[in-house]
Amino acid sequence: MKDLYVISGVTGMTGNELVRQLVGKENHVIGFDNFFASSLHTVEDVLDKPDFEFFEYDINNAEQMDRLKAKVKEMKTDYSRLIYINCAAVVHTEHFYYVNRTFETNVLGMKAFLDQAIEAGAEIYINCSTSEVYSMNSWSADGGVRESDFITMANAEHSQRTSYATGKLLTEFFMKDAVMEHKIKGCSIRFANVYSKNELYPKHIIPHILHELKEKGSVELLENSKVNKRTFLYNEDSCSAVIALTQAEEALDGSVYNVATEEEISIIDLVKLCGKKLGIDNPQIIFKGYRESDPERRVLNTEKIRERTGWAPAVTLDAGIEMCVKELAK
Ligand SMILES: NC(=O)c1ccc[n+]([C@@H]2O[C@H](COP(=O)([O-])OP(=O)(O)OC[C@H]3O[C@@H](n4cnc5c(N)ncnc54)[C@H](O)[C@@H]3O)[C@@H](O)[C@H]2O)c1
Numbered sequence: 001m002k003d004l005y006v007i008s009g010v011t012g013m014t015g016n017e018l019v020r021q022l023v024g025k026e027n028h029v030i031g032f033d034n035f036f037a038s039s040l041h042t043v044e045d046v047l048d049k050p051d052f053e054f055f056e057y058d059i060n061n062a063e064q065m066d067r068l069k070a071k072v073k074e075m076k077t078d079y080s081r082l083i084y085i086n087c088a089a090v091v092h093t094e095h096f097y098y099v100n101r102t103f104e105t106n107v108l109g110m111k112a113f114l115d116q117a118i119e120a121g122a123e124i125y126i127n128c129s130t131s132e133v134y135s136m137n138s139w140s141a142d143g144g145v146r147e148s149d150f151i152t153m154a155n156a157e158h159s160q161r162t163s164y165a166t167g168k169l170l171t172e173f174f175m176k177d178a179v180m181e182h183k184i185k186g187c188s189i190r191f192a193n194v195y196s197k198n199e200l201y202p203k204h205i206i207p208h209i210l211h212e213l214k215e216k217g218s219v220e221l222l223e224n225s226k227v228n229k230r231t232f233l234y235n236e237d238s239c240s241a242v243i244a245l246t247q248a249e250e251a252l253d254g255s256v257y258n259v260a261t262e263e264e265i266s267i268i269d270l271v272k273l274c275g276k277k278l279g280i281d282n283p284q285i286i287f288k289g290y291r292e293s294d295p296e297r298r299v300l301n302t303e304k305i306r307e308r309t310g311w312a313p314a315v316t317l318d319a320g321i322e323m324c325v326k327e328l329a330k
């Protein structure tokens, strides 16, 4: 029998690709978004599929969420499993400094959506957390930072930025608590720097670099970029990890999974790679501004998800940037 999926933030980078990977495969997907950081354009190619239904709803609107719950309860008997995936969040770095903005959706919204999943009788809840929780401890010489490592966080004395990570960390506790109390199965995922060829937000580092290089032949970056290194995960791979977890029920023990690549690159080399793909030799970088409490390196150890689900990323950074550049040329 088919699975019924309920996805919040469905027109966002993770949500829209999840729909693409789930429809046409004996599943039914109900998704909603309030277009805080996306538009219907991202799911245009799947909107007419009979196994996908979209609603313009806000996760913080109790009346809309009640309507959703009633619909799900009515439909659920026709499906073998009911799976909730929470992708709705206030995500981009520019919002991280505004505590109220992120708290309402990322913490209260996540908790209300988890309660809804439990009340609707869902089998599984996938909570999208973030690698930001590693804060100043985002890297380790021992093959990357692990889920079980202790966390050293910057605090309000250093930067308001950590409020986003603190909120996401709290959602991991809600998730674990619900599983420990046998209310549902599920897990939290700590993604690191997801990108996509369809990103609307040119402030994320990869679309920002590509847009600026294409328009001006140069790119403005923070001073931090002189030393920062990152790994980048293509959204097809972040979504295949979510789906792999939903298929490995023994992995849904309430714990946390790192989801990332191990292909670390300096931001300077990333600009060079983007320049090369755009046919620009020696792209100019203008350094301006500085961000407090920004970790210099972020490398996640992904042995846990690889061992428990067999998941591995399939898209190299070179291939991912190539896809972004092709899309930009359209
Ligand atoms: N992109 C990354 O690098 C990254 C890294 C770590 C964690 N994550 C997490 O993964 C999840 C998905 O992120 P994404 O990359 O798809 O981000 P995204 O911004 O592309 O998608 C989030 C979606 O949530 C929607 N949304 C925001 N507030 C809402 C509300 N009140 N009601 C309904 N919808 C709302 C937005 O409009 C957007 O479409 C988030 O929980 C995010 O914190 C992402």
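So the sequence shown is residues 1 to 330, counted in the numbering used here.
Just so you know, even glycine gets a beta-carbon here, dropped at the ideal spot from N, CA and C.
Item                                                                                                                                                  : Value
Quick one: Cα of Val6 to Cα of Lys69, how far?                                                                                                        : 10 Å
So, with DSSP's three-state summary, where would you put Leu44?                                                                                       : The sequence as given places Glu at residue 44; Leu does not occur at that position. The answer is coil: DSSP assigns Glu44 none of H, G, I, E or B.
Name the DSSP beta bridge partners of Phe32, please?                                                                                                  : Ser8, Phe55
Does DSSP classify Thr77 as helix, strand or coil?                                                                                                    : helix
Of all the options Met13, Asp45, Val325, Ser80, which has the alpha carbon lying nearest to the alpha carbon of Gln247?                               : Ser80
With a threshold of 7 Å, establish whether the CB of Asp177 neighbours any heavy atom of ligand 1.                                                    : no
In whole angstroms, what separates the C-alpha of His301 from that of Gly143?                                                                         : A small correction: the amino acid at residue 301 is Asn; His does not occupy that position in the sequence shown. Rounded to whole angstroms, Asn301 to Gly143 spans 6 Å at the Cα level.
Buried or exposed: which applies to Thr316, given that a residue is buried once 16 or more other Cβ atoms fall within 10 Å of its Cβ?                 : exposed
Mind checking Met180: buried by the 16 CB within 10 Å criterion, or exposed?                                                                          : exposed
Is Cys324 near ligand 1, with its Cβ less than 7 Å from a heavy atom?                                                                                 : no
Quick one: residues in its chain with C-beta nearer than 6 Å to the C-beta of Ile267, no 5 flanking neighbours on either side, listed in chain order? : Ser225, Asn228
With a CB to CB cut of under 7 Å and the five nearest residues on each side skipped, what residues in its chain are close to Lys76?                   : Leu4, Leu82, Ala120, Gly121
So what's Val152 in DSSP terms, helix, strand or just coil?                                                                                           : For the sequence presented, residue 152 should be read as Thr rather than Val. In this structure, Thr152 counts as strand in the three-state DSSP scheme.
DSSP state of Phe191, grouped into three classes?                                                                                                     : strand
Alpha carbon to alpha carbon, what distance is there between Leu47 and Lys330?                                                                        : 22 Å
Helix, strand or coil for Ser138 per DSSP?                                                                                                            : coil
How close, in whole Å, do the beta carbons of Ser255 and Cys187 come, if the pair is a contact with beta carbons under 8 Å?                           : 6 Å
Nearer than 7 Å: is that true of the beta carbon of Phe150 relative to any heavy atom of ligand 1?                                                    : no
Tell me the rounded alpha-carbon separation between Asp281 and Gly275.                                                                                : 6 Å
Taking Cβ positions, are His92 and Lys272 nearer each other than 8 Å?                                                                                 : no
How would you label Arg298, buried or exposed, when you count the other beta carbons within 10 angstroms and need 16 or more for buried?              : buried
Taking the alpha helix (DSSP H) that Phe113 falls in, what are its first and last residues?                                                           : 110 to 119
Out of Leu169, Ile124, Val219, Glu212, point me to the one whose CA is closest to Leu245's CA.                                                        : Ile124
From the DSSP output, which residues share a beta bridge with Lys185?                                                                                 : Ile124
With burial defined as no fewer than 16 other Cβ atoms inside 10 Å of the residue's Cβ, what is the status of Ser240: buried or exposed?              : buried
Would you identify the three-state DSSP class for Val256, choosing helix, strand or coil?                                                             : strand
Measuring from the CB of Phe54, is there a heavy atom of ligand 1 at a distance below 7 Å?                                                            : no
Report the start-end ranges of each alpha helix (DSSP H) in the region 242 to 329 that is 4 residues or longer and not cut off at the edges.          : 267 to 278, 303 to 309, 317 to 328
Would a C-beta distance cut-off of 8 Å place Thr42 and Met110 closer than the cut-off?                                                                : no
Mark Lys2 as exposed unless 16 or more other C-beta atoms lie within 10 angstroms of its C-beta, in which case mark it buried.                        : exposed
Tell me whether the beta-carbon of Arg308 lies closer than 8 Å to the beta-carbon of Ala251.                                                          : yes
Can you give me the C-alpha to C-alpha distance between Pro295 and Phe287, rounded to a whole angstrom?                                               : 17 Å
Would the beta-carbon of Ile184 fall within 8 Å of that of Ala117?                                                                                    : yes
When you compare each of Gln284, Asp115, Glu249, Ala89 to Lys168 by their alpha carbons, which one comes out closest?                                 : Ala89
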